[in-house]
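The block underneath contains the structure these notes are about, expressed in structure tokens.
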Amino acid sequence: MKIVGILGSPTAGSRSASLLGVALSHLQPITSRVHLVSIRELPAEAVVQAQLGHAALRTAVQAVVEADVVIVATPIYKAAYSGLLKVFLDLLPAEALRGKTVLPLASGGSVAHLLALDYALKPVLSALGARDILDAVFATDAQIPQHGPLGLVPSAEVRQRVELTLQPLFERADGFARGEEAARERDALLARVHPPQLQEAS
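To convert, note that position 117 of the sequence shown is 119 in our numbering; the numbers rise steadily by one, no gaps.
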């Protein structure tokens, strides 16, 4: 599986980043490629001005388009996902998430922010074509405490919820592997039937 993680936190070492890290780590055994899009690290001017020709922005958008699985992690502010994430999602092509499995992850000060996933983020993901949206995982700040030099670490209960919602991907892993193998065999066959023409020496 080709997996992309989109991190919408404006701060480094955030709780939403720790949630995303747990998910990506858990999926490592069935991942063929992982690409992390940390929006805060993209060129701010290119993002705000929608300069889709900018190399870094073009690479980030293309990674999402080519992914099989997209994991979106964001902090919840004032009952909504981050503005940084909103700006990036607006840059994606129409139907960019169609045919992909999408997992929303979020952190917030209290469980009162939980509904922001259902009423703010999921509708936007659906508008981008997402139909296979896994059960979202929300964690409060208290559930992702600071552990000294280890930084912010989600509690065992939160990690278990992340692993549980990702379980369907492990059940589909064999199908993805067979699909990729079939694609490689098809490409190899086409290359034999239609070999690239050699250029004449000048």
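Ideal Cβ positions, reconstructed from N, Cα and C, are used throughout, including at glycine.
All figures in this text were calculated on a predicted structure; none of them were measured in a lab.
> Nearest to Val50 by alpha carbon, out of Leu171, Asp134, Asp120, Leu93?
Replying inline: Restricting attention to Leu171, Asp134, Asp120, Leu93, the CA atom closest to the CA of Val50 is found in Leu93.
> DSSP on Leu59, reduced to helix/strand/coil?
Replying inline: Leu59 falls in the helix class under three-state DSSP.
> Counting pairs of beta carbons, one from the region 149-162 and one from the region 21-29, are three or more of them closer than 8 angstroms?
Replying inline: In short, these stretches touch, since the Cβ pair count reaches three.
> Whole beta strand (DSSP E) runs in the region 102-145 with 3 or more residues, listed along the chain?
Replying inline: Taking only runs of at least 3 residues, the beta strand (DSSP E) segments lying wholly in the region 102-145 are 103-110, 139-142.
> In whole angstroms, what separates the C-alpha of Ser11 from that of Val74?
Replying inline: The straight-line gap from Cα to Cα measures roughly 10 angstroms.
> How would you label Ser128, buried or exposed, when you count the other beta carbons within 10 angstroms and need 16 or more for buried?
Replying inline: When all chains shown are included, Ser128 counts as exposed.
>> Would Lys124 and Pro95 qualify as a contact pair, given that the criterion is a beta-carbon distance under 9 angstroms?
In response: No; because the gap between Cβ atoms is not below 9 angstroms, this pair is not in contact.
>> Within the continuous beta strand (DSSP E) that includes Lys88, where are the two ends?
In response: In the DSSP assignment, Lys88 falls outside any beta strand (DSSP E) and lies within the alpha helix (DSSP H) extending over 85-93.
> By Cβ distance below 8 angstroms, which residues in the same chain neighbour Val212 in space, the five residues on each side in sequence not counted?
Replying inline: In this structure the chain extends from 3 to 204, so residue 212 is not present and cannot be described.
> If you draw a straight line from the alpha carbon of Lys205 to that of Arg133, how long is it in whole angstroms?
Replying inline: Residue 205 lies beyond the residue range present for the chain, which begins at 3 and ends at 204; the question has no answer from this structure.
>> Tell me which residue opens and which closes the alpha helix (DSSP H) that Gly23 is part of.
In response: For Gly23, the uninterrupted alpha helix (DSSP H) run begins and ends at 17-29, by DSSP.
>> Among the candidates Ser18, His115, His37, Asp70, whose CA atom is the shortest distance from the CA of Arg174?
In response: The residue with the shortest Cα to Cα distance from Arg174 is Asp70.
> Taking just the CA atoms, how far does His115 sit from Gln169?
Replying inline: Pairing Gln169 with His115, the inter-Cα distance amounts to about 25 angstroms.
> Taking DSSP as the reference, what is the three-state secondary structure of Leu54?
Replying inline: DSSP places Leu54 in coil when its eight states are reduced to three.
> Which residues mark the beginning and the end of the beta strand (DSSP E) in which Ser40 is found?
Replying inline: Residue range 35-40 is occupied by the beta strand (DSSP E) that includes Ser40.
> Got a sec? Which residues, its chain only, sit under 6 angstroms from Ser84 by beta carbon, not counting five neighbours each side?
Replying inline: Excluding its 5 nearest sequence neighbours in each direction, Ser84 has C-beta neighbours in its own chain below 6 angstroms: Gly10, Thr76, Pro77, listed in chain order.
> Would you call Arg60 buried or exposed, if buried means 16 or more other Cβ atoms sit within 10 Å of its Cβ?
Replying inline: Here Arg60 is exposed, its C-beta having fewer than 16 other C-beta atoms within 10 Å.
> For Ala14, which of Ile41, Val6, Ile32 has the nearest alpha-carbon?
Replying inline: Nearest C-alpha to Ala14: Ile41.
> Which one of Ser109, Phe90, Ala108, Ala118 has the shortest CA to CA distance from Glu43?
Replying inline: Comparing Cα-Cα distances from Glu43 to each of Ser109, Phe90, Ala108, Ala118, the minimum goes to Phe90.
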